[in-house]
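Numbering follows our numbering, with no gaps: position 386 of the sequence shown is 382.
Cβ atoms here follow ideal geometry from the backbone N, Cα and C, with glycine treated the same way.
As the structure is a prediction and not an experimental result, all values here were calculated from the model.
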Amino acid sequence: MANLTALSFKVRVIKKTVMNFVELGTEMSSRRTLASWKKLQLLAQDKKSQHMKTLFSQDNERFNKFSIELPNMLLDYSKNLIDSETMDSLLALATETNVCQWRDKMFRGDKINKTEERAVLHTALRRQSHEPLIINDENVTNHVQKQLADMEIFVNNVRQGEWLGYSGKRITDIVNIGVGGSNLGPQTVTEALKHYSDGSINVHYVSNVDGAQIVEVLRPLNPEKVLFIVSSKTFTTAETMTNAKTAIKWLTSASFDEKSVAKHFVAVTANRENAMSFGIEENNIFDMWDWVGGRFSLWSAIGLAIALDLGFDKFRELLSGANEMDQHFINAPLKDNMPAIMALISVWNTTFLGSQSQAILPYDQTLHMLTAYLQQAEMESNGKSVTWDGSEVDYATVPSIWGELGINGQHAFYQYLHQSNNVVPADFIGSVESVTPVKGHHETLMSNFFAQTQALMTGVDETQVRADLKAKGRTQDYIDKVAPHKVHKGNRPTNTILLKRIDPKTLGNLIAAYEHKIFVQGIILKICSFDQWGVELGKGLAADIQQELENNNIGSHHDCSTASLMKFYQSAK
């Protein structure tokens, strides 16, 4: 019996080893060698000669086939140059690239951030389960729950007037000092959910090292009533530290007391030692962890400004909404999995059909910062040109992200979307119900929302244009002159995302969906999504150049353009 047990164990070990080698071979080989990749390349050549109008005329069930409905949101991806064969091949690509296995690795805390040897666990920040999650011999669940409890106490103390400033007055204004993920995430959310704030605390953001911003933010504020949140994972970010030093000088020059910092400054960081050296009291420091990337950190204490503005109950609703999407991402089959489908459509449009950019077009005023947030989330994550093993990527990866509120965009760059030679896929994001209903406004807004995706898909050909002009009584000369200019080729891909209403839970759904979309893109494209080495080079050079400018000693190692620009700057001061 013992021999049989030992034999069974050896068989299991051999099977696991073989599976690991098979997976390793799949992951290390070029994506171009995959059968699904080759099939998609052939399909792309075929689809480029087709028009979506034809696909719709051939299949009245496109919407039912190519849409996903969840409790709080709907994704319609039928207005893309796809059919069932395309989607089957894209899903095969997700299977061949082991998307589900990598997803499971992320959620259980494997160190999938290979270049930094870190886990990727922003999902643990909104986890509803209290089951242990062990990373580096520590229970992450306990850390997160303690941090949430500490945040709740702090938020309640400030909002209820129990945390007082140096002169005994209650806090009325929060100034969040951070940049990148320490700014864009919280600001996007507080702007989107401002209608859920009771207005008892005003939240302000400072991210730009240009002194104009912090001066404008601080000018109308009373130092006795301001609380600063300094958010920096390393507590070395030059822009954030410069702004924080200015804030401290502003406070102490008004209070005439260095000890006032303890009443008016808290920090969110993974580097407690640096924060304390800077002057922040240890009890006023909230934790960040190396397994949370800055651009995915709004669910942590980086979101303090959100909780202070909305109240901690609304912050928990935001976390709950994100966790809802996490559970969908974990449990839904790939064909019905919203983030996975969003990623596959992006890969199809960019890598196989050749689109170089993507527009994010919210048709809801509350989401006016969403495009900026998603620019960082996707482009900092997947804007890479080497694969996991460091070899050059030999295919297109992710698009550049840009956009604007829909109605504003219609009167700015939609001309380009409709008639330029560059095809720009777009995500249209709207809500069924406005949080600020004004009679007639939402209907006008949503009429444009639906019309634009239809127009981008169908376009209008010259025959239609000529018939329309003739029906309006135009002369033949006028028709001949104008008709070519009024032609819209159409066939422009769009996704439509409809939320029931912008509230904390649905916003959590939406942001988490894009987070997981970005993850799936990275896996399929073999991109290291969770580092950002491209950010570091410029920062390092800037630090050296700043010293040279301050010391009036420009080094000879610079290229002639940079050196001359620095000299011109110095001489013109």
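What's the C-alpha gap between residue i and residue j?
i      : j      : result
Ile167 : Phe252 : 19 Å
Glu57  : Ser74  : 10 Å
Leu38  : Leu521 : 18 Å
Val18  : Val95  : Note that Val18 scores a pLDDT of 41, beneath 50, so its modelled location is shaky and nothing firm can be said.
Gln460 : Ala479 : 9 Å
Ser351 : Lys44  : 12 Å
Met69  : Thr471 : 49 Å
Val262 : Asp72  : 43 Å
Ile337 : Ser32  : 16 Å
Gln354 : Gln371 : 10 Å
Thr492 : Asp194 : 32 Å
Gly534 : Val382 : 19 Å
Asn548 : Ser203 : 27 Å
Ala250 : Ala240 : 16 Å
Leu89  : Met83  : 10 Å
Gln542 : Thr242 : 17 Å
Lys569 : Val531 : 29 Å
Thinking C-alpha only, which one of the options is nearest residue i?
i      : options                        : result
Leu539 : Leu494, Trp295, Met237, Gly518 : Per the sequence shown, residue 539 should be read as Ala rather than Leu. When each option's Cα is compared against that of Ala539, the closest is Met237.
Arg291 : Leu561, Gln183, Ser430         : Gln183
Ala120 : Asp100, Leu77, Asn60, Glu112   : Asp100
Ser163 : Glu65, Ile170, Thr248          : Thr248
Lys485 : Gly534, Asn417, Asp476         : Asn417
Ser53  : Met453, Thr82, Asp169, Ser296  : Met453
Leu198 : Val205, Val211, Leu180, Asn172 : The sequence given here places Asn at residue 198; Leu does not occur at that position. Minimum Cα distance to Asn198 is reached at Asn172.
Glu220 : Val226, His414, Ala258         : Ala258
Val175 : Asp206, Ser353, Glu313, Thr362 : Asp206
His481 : Ala240, Ser196, Asn319, Gly455 : Gly455
Arg122 : Ala408, Ile78, Gly399, Gln141  : Gln141
Ser396 : Glu374, Asp390, Gln156         : Glu374
Asp390 : Phe311, Ile523, Gln448, His118 : Ile523
Pro639 : Gly105, Ile149, His118         : Residue numbering for the chain in the displayed model covers -3 to 569; residue 639 lies beyond these limits and cannot be assessed.
Trp398 : Leu357, Glu388, Gln415         : Leu357
Lys513 : Pro335, Trp246, Tyr565         : Pro335
Leu315 : Lys501, Asn279, Arg462, Ile475 : Lys501
Glu439 : Leu144, Lys49, Glu187, Asp360  : Asp360
Val116 : Lys34, Leu401, Phe515, Asn270  : Phe515
Quick check on residue i: buried or exposed, where buried means 16 or more other Cβ atoms within 10 Å of its Cβ?
i      : result
Pro421 : buried
Gln517 : buried
Asp423 : buried
Leu20  : Any reading at Leu20 must be qualified, since the residue scores a pLDDT of 43, below 50, and its modelled position is unreliable; no value is offered.
Arg27  : buried
Arg215 : exposed
Leu494 : buried
Cys639 : Residue 639 cannot be examined here, being either before or after the span of the chain that is shown, -3 to 569.
Thr111 : exposed
His118 : buried
Glu489 : Sequence inspection shows Pro at residue 489; the Glu mentioned does not correspond to that position. Buried: at least 16 other Cβ atoms inside 10 Å.
Val211 : exposed
Leu537 : exposed
Val428 : exposed
Pull up the CB-CB distance for residue i and residue j, whole angstroms please, since I reckon it's below 8 Å.
i      : j      : result
Phe231 : Phe274 : 7 Å
Ser293 : Thr265 : The Cβ separation is near 11 Å, so there is no contact.
Ile170 : Ile244 : Wrong, their Cβ atoms sit about 16 Å apart, outside the cutoff.
Ala318 : Trp285 : About 17 Å; that fails the 8 Å criterion.
Ile425 : Leu363 : 6 Å
Thr393 : Asn378 : 6 Å
Looking at the structure shown, is residue i part of a helix, part of a strand, or coil, going by DSSP?
i      : result
Phe424 : strand
Arg312 : helix
Val136 : helix
Ile356 : strand
Asp286 : coil
Ile429 : First, the amino acid is wrong: residue 429 is Glu here, not Ile. Correct three-state label for Glu429: strand.
His407 : coil
Ser63  : strand
Trp33  : helix
His118 : helix
Phe224 : strand
Tyr201 : strand
Ala240 : helix
Lys496 : strand
Phe52  : helix
Trp398 : strand
Thr184 : helix
His512 : helix
Val175 : coil
Ala368 : helix
Asn382 : Rather than Asn, the amino acid found at residue 382 in this sequence is Val. Reduced to three states, the DSSP call for Val382 is strand.
Ala263 : strand
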